[in-house]
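Asks:
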DNA sequence: CCAGCCGCCGAAAACGTTTTCAGAAACGTA
DNA sequence: TACGTTTCTGAAAACGTTTTCGGCGGCTGG
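Chains as they are written, first to last, in the working numbering: chain A, 1 to 343; chain B, 344 to 686.
Structure (structure tokens):
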């Protein structure tokens with residue numbers, strides 16, 4: 001028979017059922033299952049066994065109602081591809097200790113009114129906190145200061161310095177990329193990157209230029225090649241670069257997409273990578289970077305880490321220890337074959 | 344003053360507060376706000392205004408407790424990249440009518456015990472239904488028949504035919520790809536695809552071969568080129584193909600990644616696409632397909648649609664109209680420049 | 001003027017838990 | 001034996017809603 005079997009969480013077996021089955025009151029049953037001290041060991045055992053036999057699963061909703069904590073957080077994103085939100089979600093799941101906290105994922109699709117809508121819904125569900133993940137790494141409008149729950153902005157910082165924002169360290173990433181190329185022995189380093197309206201493009205470029213300047217170097221071609229975040233621009237810029245500056249020996253691309261375009265043209269021109277020209281990307285977008293020819297050295301955005309920190313800060317804020325300002329999360333160098341020490 | 348301002352959803356203003364403020368009982372307030380008929384228009388207006396002034400937001404948790412419906416569903420995925428789950432999530436959000444239903448996204452990371460863990464948590468949160476998104480389009484173990492809520496399997500079908508599974512129409516997609524090439528006038532068509540252990544690879548190939556056979560054709564090279572889901576395999580296979588069968592005039596790649604490898608070699612060999620050889624991919628993975636040179640015609644998996652249908656079927660099941668078996672969702676041809684009518 | 005009806009409102013129960021507090025049982029001590 | 005103490009248990013209130021049902025007042029028709 002199935003009735004007492006361990007299998008089926010039958011529809012709605014409640015604490016009352018468990019209590020009755022164990023021959024105690026609901027109060028005692030509750031205390032027994034929650035490890036409260038004031039219950040005899042033998043009684044507790046009986047209750048626990050009853051719960052198992054009935055495959056009791058406590059109704060979190062009722063618990064939330066009374067404890068005033070839902071054990072949920074909202075993850076509000078506008079990231080159509082899920083490229084940023086999923087790693088961040090995974091980091092957050094980790095940090096929240098699985099099973100303790102569940103997360104509502106809402107995609108606002110870059111639409112302010114849809115975002116407002118989702119926000120209302122989440123608040124009405126009494127989430128304990130909110131993580132807001134932007135679509136692009138530039139400041140975004142704050143949700144406001146008067147929300148009843150703590151918020152942390154991840155990837156795209158809030159425009160209100162009073163909020164807490166977590167961003168990847170683009171300046172540091174730019175430095176790191178150039179530093180790696182320098183360590184490998186390259187000196188004539190160009191930087192081809194994306195849309196100059198993006199803070200990320202500016203920051204990565206700044207980091208790169210700073211590190212070059214420390215060695216008394218200028219970028220190959222004289223300045224940074226801003227353009228678009230696409231392979232096509234990577235190809236076009238590389239062609240111009242090779243013409244203007246044929247002795248370039250390394251290219252730092254502002255994204256892996258751009259890097260793919262760069263590699264493509266180098267390959268077309270029969271220029272060996274990395275022995276003649278080294279290439280480094282940015283983002284560690286696996287499908288692009290790992291499949292490249294040769295596999296692409298790049299800067300990993302460390303998004304799980306970012307998600308983990310977001311969850312930690314949110315937990316702290318929920319305990320009453322809020323923080324504010326912009327915190328930058330370090331990035332990581334992923335070495336593959338498109339850069340290598342010059343002999 | 345902020346007190347009567349519309350802005351801040353102040354901590355926990357309850358229906359009692361609204362009722363008191365409007366000078367009615369909680370019962371009446373509830374009915375007024377929910378559009379129940381047995382309340383005078385004037386009274387209703389007073390309550391609504393009170394609610395607005397206090398910026399009342401009903402506590403969904405309390406509502407759920409009494410209505411026995413949480414208005415939430417769980418989306419259980421193992422899709423590390425979010426490539427499948429996010430579109431499916433978006434489709435589901437659409438179909439559920441925004442704000443009515445919220446979704447918990449849980450990433451099991453292909454780990455059975457983590458999945459079990461998430462499942463317990465979701466059931467304990469009393470989700471109204473479950474969508475299970477697999478990592479790869481092959482059958483996966485069923486969650487079991489004795490769950491207290493309806494389940495629909497999306498992308499990866501369940502191994503229990505009693506369950507309802509929604510899968511993309513890989514056979515139809517294979518047919519569609521070849522059909523498109525035929526319409527464009529190509530006749531010597533090769534098929535390079537991924538790991539033969541994947542049902543998706545087999546199905547796409549089957550569709551392709553069927554359509555070819557209808558024209559009395561065989562695939563160029565005699566058979567399907569199975570291998571791996573990577574650009575590298577796409578490159579290798581293309582080289583072999585060109586050697587063995589230099590008069591090939593079209594290549595159907597089993598994925599966009601493979602297609603990129605194919606294009607790469609054709610380009611290297613200075614073979615014009617599409618005038619000499621046409622290429623079609625599969626997946627419509629934007630970053631790969633749209634950035635390709637030339638932009639890649641491909642088969643779109645139609646995942647939002649799949650998510651929408653999943654949500655509809657789930658809703659139906661929640662209303663007491665379950666279905667079962669495997670339902671295939673049609674795919675879509677996305678025409679770009681890598682195929683074009685001959686001449 | 002009265003019976004009956006209808007429209008509107010509110011008291012109270014219910015949902016499934018946790019927590020408080022009073023009381024019962026068992027035991028040791030004077 | 002009486003009493004204080006310690007352990008353990010259970011009744012009841014609380015969380016914030018929805019829903020049922022009884023009641024009150026006014027209106028209509030006879």
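Backbone N, C-alpha and C define an ideal beta-carbon position, used for all residues, glycine too.
#1: In this structure, how does DSSP classify residue 269 of chain A when only helix, strand and coil are distinguished?
#2: If contact is defined by three or more beta carbon pairs under 8 Å, each pair taking one atom from either stretch, is the region 289-303 of chain A in contact with the region 219-237 of chain A?
#3: At a CB distance below 7 Å, what residues from the region 42-67 of chain A approach chain B? Give them in sequence order.
#4: Against residue 445 of chain B, what residues of chain A qualify as contacts under a CB-to-CB distance less than 8 Å, listed in chain order?
#5: Can you give me the C-alpha to C-alpha distance between residue 488 of chain B and residue 506 of chain B, rounded to a whole angstrom?
#6: Is there a C-beta anywhere in chain B that falls below 8 Å from the one on residue 326 of chain A?
#7: How would you label residue 613 of chain B, buried or exposed, when you count the other beta carbons within 10 angstroms and need 16 or more for buried?
#8: At the level of alpha carbons, what is the spacing between residue 50 of chain A and residue 430 of chain B?
#9: Just reading off the alpha helix (DSSP H) that residue 542 of chain B is part of, what are its end residues?
#10: Under DSSP, the beta strand (DSSP E) around residue 129 of chain A begins and ends at which residues?
#11: In chain B, which residues lie with their C-beta within 7 Å of the C-beta of residue 231 of chain A?
#12: Per the contact definition of three or more C-beta pairs closer than 8 Å, is the region 81-97 of chain A in contact with the region 303-322 of chain A?
#13: Bridge partners of residue 534 of chain B, per DSSP?
#14: Does the pairing of the region 153-163 of chain A with the region 101-114 of chain A give three or more beta-carbon distances under 8 Å?
#15: Helix or strand or just coil, what does DSSP make of residue 77 of chain A?
#16: Can you tell me where the alpha helix (DSSP H) holding residue 369 of chain B begins and where it ends?
#17: Taking the C-alpha atoms as reference points, what is the distance between residue 544 of chain B and residue 643 of chain B?
#18: I believe residue 428 of chain B touches residue 422 of chain B by the beta-carbon criterion, under 8 Å. Please report the beta-carbon distance rounded to the nearest angstrom.
#19: Using the Cα positions of residue 345 of chain B and residue 425 of chain B, report the straight-line distance between them to the nearest angstrom.
#20: Which stretch, first to last residue, makes up the alpha helix (DSSP H) that contains residue 94 of chain A?
#21: In its own chain, which residues sit with a C-beta less than 7 Å from the C-beta of residue 12 of chain A, not counting the 5 before and 5 after it?
#22: To the nearest angstrom, report how far apart residue 188 of chain A and residue 140 of chain A are at their CA atoms.
#23: Classify residue 319 of chain A: buried if its beta carbon has 16 or more other beta carbons within 10 angstroms, exposed otherwise.
#24: Using DSSP with H/G/I as helix, E/B as strand and the rest coil, what is residue 10 of chain A?
#25: Which first and last residues belong to the beta strand (DSSP E) in which residue 670 of chain B is found?
#26: Terminal residues of the continuous alpha helix (DSSP H) containing residue 521 of chain B?
#27: Taking residue 17 of chain A and residue 54 of chain A to be in contact with their CB atoms under 8 Å, please state how far apart those CB atoms are, rounded to whole angstroms.
#28: Within 10 angstroms of its Cβ, does residue 7 of chain A collect 16 or more other Cβ (buried), or is it exposed?
#29: Give me, in chain order, the residues of the same chain whose beta-carbon lies closer than 6 Å to that of residue 683 of chain B; leave out the 5 immediate sequence neighbours on both sides.
#30: Below 8 Å on C-beta distance, what does residue 281 of chain A contact in chain B?
#31: How big is the Cα-Cα spacing for residue 241 of chain A and residue 265 of chain A?
#32: Are the region 535-554 of chain B and the region 644-653 of chain B touching, with three or more C-beta to C-beta distances below 8 Å?
#33: Identify every residue that forms a DSSP beta bridge with residue 568 of chain B.
Replies: On the basis of the coordinates in this document:
#1: Position 269 of the first chain, counted from the start, is the residue given in the question as residue 269 of chain A. Residue state, collapsed to three classes: coil.
#2: no
#3: When CB distances to chain B are screened at a threshold of 7 Å, the residues of the region 42-67 of chain A falling below it are 57, 58, 59, 60, 61, 62, 64, 65, in chain order.
#4: Residue mapping note: residue 445 of chain B aligns to position 102 of the second chain, counting from 1. The answer, in chain order, is 104, 106, 121, 122, 125.
#5: Taking the second chain and counting its residues from 1, one reaches residue 488 of chain B at position 145. Taking the second chain and counting its residues from 1, one reaches residue 506 of chain B at position 163. Each residue's Cα considered, the two are about 8 Å apart.
#6: Indexing the first chain from 1 puts residue 326 of chain A at position 326. No, because no Cβ of chain B sits closer than 8 Å to the Cβ of residue 326 of chain A.
#7: Here residue 613 of chain B refers to the residue found at position 270 when the second chain is read from its first residue. Classification of residue 613 of chain B: exposed, given that the 10 Å Cβ count is below 16.
#8: Position 50 of the first chain, counting from 1, holds the residue named residue 50 of chain A. Position 87 of the second chain, counting from 1, holds the residue named residue 430 of chain B. Approximately 43 Å, taken between the alpha carbons.
#9: Working through the second chain from its first residue, we reach residue 542 of chain B at position 199. From DSSP, the alpha helix (DSSP H) with residue 542 of chain B extends over 542-557.
#10: As a working mapping, residue 129 of chain A is identified with position 129 in the first chain. Looking at the DSSP string, the run of the beta strand (DSSP E) that includes residue 129 of chain A is 129-133.
#11: Counted from its first residue, the first chain places residue 231 of chain A at position 231. Within chain B, the residues near residue 231 of chain A are 634.
#12: The region 303-322 of chain A is in contact with the region 81-97 of chain A.
#13: Locating residue 534 of chain B in the second chain gives position 191, counting from the first residue. Residue 534 of chain B is bridged to B/595.
#14: The region 153-163 of chain A, when compared against the region 101-114 of chain A, does not touch it at the 8 Å Cβ threshold.
#15: Translated into positions along the first chain, residue 77 of chain A becomes position 77. Reduced to three states, the DSSP call for residue 77 of chain A is strand.
#16: Counting from one through the second chain, the residue named residue 369 of chain B turns up at place 26. It spans 369-376 - the alpha helix (DSSP H) in which residue 369 of chain B sits, taken as one unbroken run.
#17: Here residue 544 of chain B refers to the residue found at position 201 of the second chain. Here residue 643 of chain B refers to the residue found at position 300 of the second chain. Each residue's Cα considered, the two are about 15 Å apart.
#18: As a working mapping, residue 428 of chain B is identified with position 85 in the second chain. As a working mapping, residue 422 of chain B is identified with position 79 in the second chain. With 8 Å as the limit, residue 428 of chain B and residue 422 of chain B qualify as a contact, their Cβ atoms being about 5 Å apart.
#19: Looking up residue 345 of chain B in the second chain gives position 2. Looking up residue 425 of chain B in the second chain gives position 82. In this prediction, residue 345 of chain B scores a pLDDT of 36, lower than 50, which makes its location untrustworthy; the coordinate-derived value is nonetheless stated afterwards. Spanning the two alpha carbons is a distance of roughly 42 Å.
#20: Counting from one through the first chain, the residue named residue 94 of chain A turns up at place 94. Residue 94 of chain A -> alpha helix (DSSP H) spans 85-95.
#21: For this step, residue 12 of chain A is matched to residue 12 along the first chain. Excluding positions up to five away in sequence, the list is empty.
#22: Working through the first chain from its first residue, we reach residue 188 of chain A at position 188. Working through the first chain from its first residue, we reach residue 140 of chain A at position 140. Answer to the nearest angstrom: the Cα atoms are 36 Å apart.
#23: As a working mapping, residue 319 of chain A is identified with position 319 in the first chain. It counts as exposed.
#24: Working through the first chain from its first residue, we reach residue 10 of chain A at position 10. At residue 10 of chain A the pLDDT is 44, less than 50, meaning the model places this residue with poor confidence and gives no usable figure here.
#25: One-based indexing of the second chain puts residue 670 of chain B at position 327. That run of the beta strand (DSSP E) goes 668-672.
#26: Position 178 of the second chain holds residue 521 of chain B. Where residue 521 of chain B is concerned, the enclosing alpha helix (DSSP H) stretches over 513-526.
#27: Position 17 of the first chain, counting from 1, holds the residue named residue 17 of chain A. Position 54 of the first chain, counting from 1, holds the residue named residue 54 of chain A. Right, the Cβ-Cβ distance comes to about 6 Å (below 8 Å), so this counts as a contact.
#28: Within the first chain, residue 7 of chain A is the residue found at index 7, counting from 1. Interpretation of residue 7 of chain A is limited by its pLDDT of 38, a score under 50 that renders its predicted location unreliable; no figure is taken from the coordinates.
#29: For the purposes of this step, residue 683 of chain B is taken as residue 340 along the second chain, with counting starting at 1. Same-chain partners within the cutoff: 617.
#30: Against the first chain, residue 281 of chain A aligns to sequence position 281. Residues of chain B passing the Cβ test: none, with the nearest at roughly 13 Å.
#31: To locate residue 241 of chain A, count along the first chain from 1; it is residue 241. To locate residue 265 of chain A, count along the first chain from 1; it is residue 265. Cα atoms of residue 241 of chain A and residue 265 of chain A: separation of roughly 11 Å, rounded to the nearest angstrom.
#32: no
#33: For the purposes of this step, residue 568 of chain B is taken as residue 225 along the second chain, with counting starting at 1. Partner(s): B/535.
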